[in-house]
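Residue numbers (our numbering): 12 to 675.
Every residue, glycine too, gets a C-beta built ideally from N, C-alpha and C.
Worksheet for the structure shown next.
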RNA sequence: GGGGUUGUAGCUCAGUCGGUUAGAGUGCCAGCCUGUCACGCUGGAAGUCGCGGGUUCGAGCCCCGUCAACCCCGCCA
């Protein structure tokens, strides 16, 4: 097809803007063909641009035959320039903002054709049948044409502008910090960048500009903000990508409340973008209470039901499992969720079994429950429920005649994990989670440190520059696990959307902190020498926080995956399906960077004989299965490739003449 | 690192107990249609049942392996 040049064709109006006021005007429009409807001698075409859709119309009796033919040759997603006259429609469409008018075609330019899209470019309003996400990501440039994603990206842009406006009016300045920086030993895995000019040395991409923003306070900027990209080489989730955007904030001469007071009105404005009213000040919830009541450090408080401690009710029970907890002096507790209502009481055996599977998956042994429904009490431990106990339990249902109590027994960490998850699931199932509103809160007084079994030492909960709570300072040496931090998370609807702290601003406390973390003098010098130096040159009291922009926008648009608000996201395996990154590079590039890859190294060779076992011990099952595989159609002396213990290996088999074998 | 779900036409999916030529909707192509707007009507093309093995007279369906996407646990200062 002969394509037209853009030439001096100039847009006079945006497609979504045309109204009755424009009737009679000659307009020049640009855009993509959303869909055409050919009725023979009457043709309609929907022209889409970023601002909307307008109907183009051509009638056989009013138009040159070659122009009509040209219009009929247009297919979906062709790129067009349309000249025409705005007229009032004969049949109006109330579902379209431009539905009162249409444009009578007088000239048509076809700037480009388009192959049939491999994914629907329209939002399937009623069927809801989107293309699979892998296809959407492969053809992301088409996916992003869909109105819903266009709206999400536009809202994201609005959020960014609003954030910058907000901080600008509060005298913050935006400062860019390095993308190529120093690898930090604590925390998440770094993405590394080899240095060509320094053989064997590496930059790291920032997990966050944490130290730079603190140094900017030492420099005296007092109020810093940056919307910046951060990188973490950890496994992904629906709300976690390897690169993500953070609204990074740091202030001098502030207390915790000062930081929060800057953030809250911003959140009010952002929620307002999607018509949500939220009141300030936000609720403050100590970490300890969050874990006790909600089993989570990022509770969704839109459900009022809290976890309750029912240990005492079982002190004299015959139910050994629960009584043992009551006798453990707080080591183990019986905690429970009490959902009142007919829906809760009508939970079927099958549903409870599904719930039990969830609980087991989270580490519970089972899911004890007691339920009051149409048939009265039913319970997994009914024979231990005396009338007195039943009365005591039922009293937890706030006087309702029907309801469900699910129990978890164990350490606080165990029971919190199980009940925290079940609380959300049950609340949704019973309609006791109001998903129409936004619930912000601050979780405060986080612990400073937690014991790491893996590292056999204390590690920082937030980061090693977080200020210990002034009242707990001396616990650093005596009982580090009990020391609170001046750290706070901003939580929205069960998601952590921000986190921050007051920082350590004196070298002495910072050194004590490093000592507690088991970071020696020399190591601290080599890794954080620049910070320790800076703290000796007049560092002001400081604090700040960082907001997860992707998560925030995700919640604003009502999505459950941050991929829906990132233009070009990566898959759960941290791959870009569109560009196919990451990919192999030319060996010359590696050589220049002084890098050698150990991936794809030659497979190890194994020698295997034939073994016979009456019963196969567990530790031999994998090699035994390998031998079984080999025994099918493999000659006594042969080489074959198979999977052994999850690794692809080349296996040489030879008949060794006896029950002997060698495996490494 | 571990667990789970999914993979069939361009797209979204169905496919019974393992049994004849693998279906539907949509999209695409062609024809008809003067008020459509998820246009309608008629016809047509369209398949490596993710990939590789195995069992079987016979596999989309059963078994083993593998790849990919998604969800979760670990991990994410």
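query, result
"Please give me, in chain order, every unbroken run of the beta strand (DSSP E) with length at least 3 that falls completely inside the segment 414 to 469.", "414 to 421, 451 to 455, 460 to 463"
"Assess contact between the segment 520 to 539 and the segment 144 to 158, defined as three or more Cβ pairs (one per stretch) separated by less than 8 Å. Is contact present?", "no"
"Distance, Cα to Cα, residue 443 vs residue 304?", "16 Å"
"Looking at the structure shown, is residue 107 part of a helix, part of a strand, or coil, going by DSSP?", "coil"
"Determine which residues share a DSSP beta bridge with residue 506 and list them.", "503"
"Classify residue 66: buried if its beta carbon has 16 or more other beta carbons within 10 angstroms, exposed otherwise.", "buried"
"Within its chain, find whatever has a CB closer than 6 Å to the CB of residue 36; leave out the 5 residues flanking it on each side and keep chain order.", "97"
"Does the segment 406 to 425 touch the segment 462 to 479, meaning 3 or more C-beta pairs lie closer than 8 Å?", "no"
"Should residue 490 go down as buried or exposed, given a rule of 16 or more other Cβ atoms within 10 Å for buried?", "exposed"
"When you compare only the Cα positions, how much space is there between residue 686 and residue 26?", "A query on residue 686 cannot be resolved here, the shown segment of the chain reaching from 12 to 675 and no further."
"Take residue 351 and list the residues in its own chain whose beta-carbon comes closer than 6 Å to its own, dropping the five residues that flank it on each side.", "408, 409, 411, 414"
"I want to know whether the segment 442 to 456 touches the segment 481 to 489 - three or more CB-CB distances under 8 Å.", "no"
"On the three-pair Cβ rule with 8 Å, is the segment 113 to 132 touching the segment 74 to 81?", "yes"
"Spatial neighbours of residue 284 within its chain, please: CB distance less than 8 Å, with the 5 preceding and 5 following residues excluded, ordered by chain position.", "166, 169, 170, 173, 567"
"At 4 residues or longer, what runs of the alpha helix (DSSP H) sit wholly inside the segment 271 to 324?", "298 to 305"
"Pull up the DSSP beta-bridge partners for residue 388, would you.", "383"
"Pick helix, strand or coil for residue 117, following the three-state DSSP scheme.", "strand"
"Given a cut-off of 9 Å on the beta-carbon distance, is the pair residue 259 and residue 273 in contact?", "no"
"Taking 8 Å as the limit between beta carbons, can you name the residues of its chain near residue 31, skipping five residues before and five after?", "99, 111, 112"
"Comparing alpha-carbon positions, which option in 45, 114, 75 lies nearest residue 28?", "114"
"By alpha-carbon positions, which one of 529, 248, 517 ends up nearest to residue 574?", "248"
"How would you call residue 267, buried or exposed, if buried means at least 16 neighbouring beta carbons within 10 angstroms?", "buried"
"Mind checking residue 12: buried by the 16 CB within 10 Å criterion, or exposed?", "exposed"
"Please classify residue 72: does DSSP put it in a helix, a strand, or coil?", "helix"
"Compute the distance between the beta-carbons of residue 241 and residue 255, then report whether it is under 9 Å.", "yes"
"Contact between the segment 297 to 313 and the segment 357 to 370 is defined here as three or more beta-carbon pairs at a separation below 8 Å; is this criterion met?", "no"
"Report buried or exposed for residue 43, applying the criterion of at least 16 other Cβ atoms within 10 angstroms of its Cβ.", "buried"
"Tell me the residue span of the alpha helix (DSSP H) that contains residue 538.", "532 to 546"
"How about residue 546 and residue 513: do their beta carbons lie closer than 9 Å?", "no"
"What residue range does the alpha helix (DSSP H) around residue 398 cover?", "398 to 405"
"Please report the Cβ distance between residue 502 and residue 563, rounded to the nearest whole angstrom; I am assuming they are in contact, meaning their Cβ atoms lie under 8 Å.", "In fact, because the Cβ distance is near 12 Å, the residues do not count as touching under 8 Å."
"Between which two residues does the alpha helix (DSSP H) containing residue 169 stretch?", "158 to 180"
"Consult DSSP for residue 219 and reduce its assignment to one of helix, strand or coil.", "coil"
"Residue 205 lies in the beta strand (DSSP E); which residues open and close that run?", "203 to 205"
"Identify the continuous beta strand (DSSP E) that holds residue 263 and give its terminal residues.", "254 to 263"
"Let me know the secondary structure DSSP gives residue 192 once reduced to three states.", "strand"
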